[in-house]
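At position 21 of the sequence shown (counting the first as 1) the number is 21 in UniProt numbering, and the numbers step up by one without a gap. By construction, the Cβ of each residue, glycine as well, lies at the ideal position given by its N, Cα and C atoms.
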Amino acid sequence: LTLAVVLPQRNLTYPWAWPRVGPAVRLAAAAVNSRPDLLPGFTLGWVFGNSEDRHGVCSEMAAPLVAVDLRLSHHPAAFLGPGCVYSAAPVARFTSHWQLPLVTAGAEAHGFDDKSEEFGLTTRAGPSHRKLGELGVQLHRRFNWTRRALLVYWDERVDDRPYYFAAEGLYVQLPTLRNLTVMDVVFRHGGNFSFIIQEIKAKGR
Numbered sequence: 001l002t003l004a005v006v007l008p009q010r011n012l013t014y015p016w017a018w019p020r021v022g023p024a025v026r027l028a029a030a031a032v033n034s035r036p037d038l039l040p041g042f043t044l045g046w047v048f049g050n051s052e053d054r055h056g057v058c059s060e061m062a063a064p065l066v067a068v069d070l071r072l073s074h075h076p077a078a079f080l081g082p083g084c085v086y087s088a089a090p091v092a093r094f095t096s097h098w099q100l101p102l103v104t105a106g107a108e109a110h111g112f113d114d115k116s117e118e119f120g121l122t123t124r125a126g127p128s129h130r131k132l133g134e135l136g137v138q139l140h141r142r143f144n145w146t147r148r149a150l151l152v153y154w155d156e157r158v159d160d161r162p163y164y165f166a167a168e169g170l171y172v173q174l175p176t177l178r179n180l181t182v183m184d185v186v187f188r189h190g191g192n193f194s195f196i197i198q199e200i201k202a203k204g205r
């Protein structure tokens, strides 16, 4: 049995980078193979594909191409990774089409909660932003914040947009509270912070 691993090869800013995850994959494979009762008649191996682009960041183009190459060359039984949202989404769509499970520590975005079709075989081992949204709902109920919620977040639209997707979990879940108005204010590098403060003052009450 072959496990296809699609992760950033060198960039340690990602918690799921190969230098961090690789030792665990090796130990897990060795542990499984040392127990003949776990997969009788099989040996677990793995192949690696780099999801980084030439600049060392997660790539929504490189990851699915690598996944297709690994699928055609090695016929894996399952995929591990990618973790970044924009890399994981197309790979998860492919693995769903191939009827292969995908396990990831990332893919926190709210959209991965849809198990009806394209992400039906995706399992997230890490936290999700839906859970953050559910926490926000519980806090509003606990403190009786029932009128208005204002989300203020950073979004440059040039990376994996972690703050946007974190805010999305809250934005989607908070309206489950009746009559709660949810608004958002986005700021970027070099933005007009005086304007943002005025927006908070006007919309946050």
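- Distance between V25 and D155, taken at the CA atoms: about 33 Å.
- Rounded to whole angstroms, the gap between the alpha carbons of I200 and M183 is 10 Å.
- For the 8 Å CB-CB criterion, L70 and V47 form a contact.
- Rounded to the nearest whole angstrom, the CA to CA distance from P101 to F119 is 10 Å.
- For R54, there are no CB contacts under 8 Å within the same chain when 5 residues up- and downstream are skipped.
- Per DSSP, reduced to three states, the secondary structure at T123 is strand.
- Beta-bridge partners of Y153 (DSSP): V186.
- Counting along the chain, the unbroken beta strand (DSSP E) around V6 starts and ends at 2 to 7.
- Only exposed fits A30, as fewer than 16 other CB atoms lie within 10 angstroms of its CB.
- Around the C-beta of G190, fewer than 16 other C-beta atoms lie within 10 Å, and the residue is accordingly described as exposed.
- Between G22 and S51, the beta carbon gap of about 14 Å keeps them out of contact (Cβ cut-off 8 Å).
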